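Engineer: Numbering (our numbering), first residue to last: 1 to 428. Quick one: this structure, given as structure tokens, is what I'll be asking you about.
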Ligand SMILES: NC(=O)c1ccc[n+]([C@@H]2O[C@H](COP(=O)([O-])OP(=O)(O)OC[C@H]3O[C@@H](n4cnc5c(N)ncnc54)[C@H](OP(=O)(O)O)[C@@H]3O)[C@@H](O)[C@H]2O)c1
């Protein structure tokens, strides 16, 4: 039996999941791979908050040096959130020659290049399966299982909070604020949910996935990001009439000119597999040149699902399997810039909802403006006028240059054909 002394920094939600699995299922690791994983030292900011210290069998402290200065500990699980402090801790661990396993996607998306360079210089590794999609082993799938594939595209639901809110708006018939309040009450949304609902968290995860899938540097600024804060129940209802459901999607699509990258609320047709990924679940569709379409679905967060991914990395690192992969594969070491497609050149299907006065000629005016801009319409739906004399016209388009569509919408609103700004969403 190989005994491995492990360190942990950050004993919060995910750290708690790691401690729980290591205490409860230690025998699993003996039986599966002959490892005796011993959590030797836990460093956390406020040790007094944890009443269950004795049960861990670990030394608990608030001094990072108890990890960096212990030669017996060669691998440290890093479960501290945020960016600056988390990066400082990660750097200190790497400088001390420790392998690091982290779930911190914000840190990797913002500071990954410098951290991976430092790890390489120190001859250690950073493993990060838990940083994207919690319990779903998507990093391993892209890196190992799909190594024989050019990745043509990824479309993914990567934020459980947003997915919970959108599902709840549809199933309960409520607006955004009410669905968010419910998500907070049930623990699916933070007290300050900004980074989830504005799409930033999804963009961090997309940057990490795209780096592996497309083998190059993905600047966060190259990802166009829109959140779900302005989605209304009317949008959700309209999506249903068009046979679709709104999801916050992360999309990376390879085109001849380069890579399209975006995070945006998107109409997903009901017969697409991502349409039935509901509540707080995550789902990822990967298009590979050989495998064609692959769907991964599962819990994208939570103490135990995320700890499951952390401990998969731990086994890979302590057996040396991960170091071999990290030294051999180029992800996070390639400094090639992946060419990105500008928004106006993106090839996307779109949806528009026009609120118009109830008078003859408006539909014809909208149709001819779309036509004049070269927009090819897939379907049009016109609702009955309401008592105030306004009516709704909805249209979806075939895939085309995003720029043409947006200029057509601008021209329609400017020409006074509409009485409210037109609602525009992308369509998968
Ligand atoms: N929660 C999830 O489901 C989930 C899923 C995927 C990825 N992640 C990522 O995993 C990371 C951890 O998330 P979490 O939800 O476990 O966060 P959390 O519950 O807030 O726990 C973070 C812990 O870090 C500790 N900490 C903060 N500053 C520290 C410092 N300077 N030195 C030592 N410890 C420090 C805090 O310790 P004290 O409590 O002792 O003050 C806290 O318990 C984040 O990057 C998050 O984005 C989380």
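All C-beta atoms in this analysis are idealised placements derived from N, C-alpha and C, irrespective of residue type, glycine included. The model shown is predicted, which means the values in this text are computed figures rather than measured ones.
Compute the minimum distance between the beta carbon of residue 85 and the heavy atoms of ligand 1, and state whether it is under 6 Å.
Structural biologist: yes
Engineer: Please classify residue 129 as buried or exposed, where buried requires at least 16 neighbouring CB atoms within 10 angstroms.
Structural biologist: buried
Engineer: Is any heavy atom of ligand 1 found at a distance shorter than 6 Å from the C-beta of residue 79?
Structural biologist: yes
Engineer: Is the stretch 214 to 234 in contact with the stretch 403 to 412, if contact means three or more CB pairs nearer than 8 Å?
Structural biologist: The answer is no - the stretch 403 to 412 does not touch the stretch 214 to 234, with fewer than three Cβ pairs under 8 Å.
Engineer: Apply the 10 Å Cβ neighbour rule to residue 4 and answer buried if 16 or more other Cβ atoms are within range, or exposed otherwise.
Structural biologist: buried
Engineer: So, with DSSP's three-state summary, where would you put residue 230?
Structural biologist: coil
Engineer: Assess contact between the stretch 3 to 18 and the stretch 67 to 84, defined as three or more Cβ pairs (one per stretch) separated by less than 8 Å. Is contact present?
Structural biologist: yes
Engineer: Does the Cβ of residue 301 lie closer than 6 Å to at least one heavy atom of ligand 1?
Structural biologist: yes
Engineer: Run through the DSSP bridge pairs and tell me what residue 414 is partnered with.
Structural biologist: Among the bridge pairs identified by DSSP, residue 414 is matched with none.
Engineer: So, using beta-carbon positions, are residue 107 and residue 127 closer together than 7 Å?
Structural biologist: no
Engineer: Are the stretch 112 to 128 and the stretch 295 to 305 in contact at 8 Å, needing three or more beta carbon pairs?
Structural biologist: no
Engineer: Is residue 9 near ligand 1, with its Cβ less than 6 Å from a heavy atom?
Structural biologist: yes
Engineer: Note down, in chain order, each residue of its chain lying with its Cβ closer than 6 Å to the Cβ of residue 305, except the 5 sequence neighbours on either side.
Structural biologist: 134, 135 and 299
Engineer: For the beta strand (DSSP E) that residue 348 lies in, which residues bound it at each end?
Structural biologist: 347 to 357 is the extent of the beta strand (DSSP E) around residue 348.
Engineer: Helix, strand or coil: which one does DSSP assign to residue 122?
Structural biologist: helix
Engineer: Report the CB separation of residue 190 from residue 168 in whole angstroms; it is logged as a contact under 8 Å.
Structural biologist: Residue 190 to residue 168, Cβ: 16 Å. No contact.
Engineer: Tell me whether residue 143 counts as near ligand 1, meaning its Cβ is closer than 6 Å to at least one heavy atom of that ligand.
Structural biologist: no
Engineer: Quick one: what does DSSP say residue 72 is sitting in, helix, strand or coil?
Structural biologist: coil
Engineer: Determine the closest residue to residue 394 out of 198, 285, 373 and 425, with distance taken between C-alpha atoms.
Structural biologist: 425
Engineer: Let me check you understand the geometry: is the CB of residue 160 closer than 6 Å to at least one non-hydrogen atom of ligand 1?
Structural biologist: no
Engineer: CB-CB under 7 Å to residue 276, same chain, minus the five flanking residues each way: which ones, in chain order?
Structural biologist: If the five residues before and after residue 276 are omitted, its C-beta is found closer than 7 Å to no C-beta atom of its own chain.
Engineer: Would you mind sorting residue 309 into buried or exposed? The rule is 16 or more other CB atoms within 10 Å of its CB.
Structural biologist: buried
Engineer: Kindly indicate the opening and closing residues of the alpha helix (DSSP H) around residue 481.
Structural biologist: Given a span of 1 to 428 for the chain in the structure shown, any question on residue 481 remains unanswerable.
Engineer: Is the beta carbon of residue 14 within less than 6 Å of some heavy atom of ligand 1?
Structural biologist: Checking every heavy atom of ligand 1 against the Cβ of residue 14, one is found closer than 6 Å.
Engineer: Ends of the beta strand (DSSP E) at residue 268?
Structural biologist: 258 to 269
Engineer: Do three or more CB pairs link the stretch 155 to 175 to the stretch 339 to 356 at distances below 8 Å?
Structural biologist: no
Engineer: What span of residues does the beta strand (DSSP E) with residue 245 cover, start to end?
Structural biologist: 244 to 255
Engineer: Would a C-beta distance cut-off of 7 Å place residue 79 and residue 58 closer than the cut-off?
Structural biologist: no
Engineer: For the 8 Å Cβ check, are there 3 or more pairs between the stretch 232 to 252 and the stretch 265 to 273?
Structural biologist: The stretch 232 to 252, when compared against the stretch 265 to 273, does touch it at the 8 Å Cβ threshold.
Engineer: Which same chain residues, not among the five before or five after residue 228, have their C-beta less than 6 Å away from its C-beta?
Structural biologist: 162, 197, 248 and 265
Engineer: Expressed to the nearest angstrom, what Euclidean distance is found between the alpha-carbon atoms of residue 320 and residue 20?
Structural biologist: 24 Å
Engineer: Just verifying my parser: in three-state terms, what is the DSSP assignment at residue 281?
Structural biologist: strand
Engineer: CB of residue 63 to nearest heavy atom of ligand 1: below 6 Å?
Structural biologist: no
Engineer: Please state the DSSP three-state secondary structure of residue 294.
Structural biologist: strand
Engineer: Residue 369 by DSSP, collapsed to three states: which one?
Structural biologist: helix
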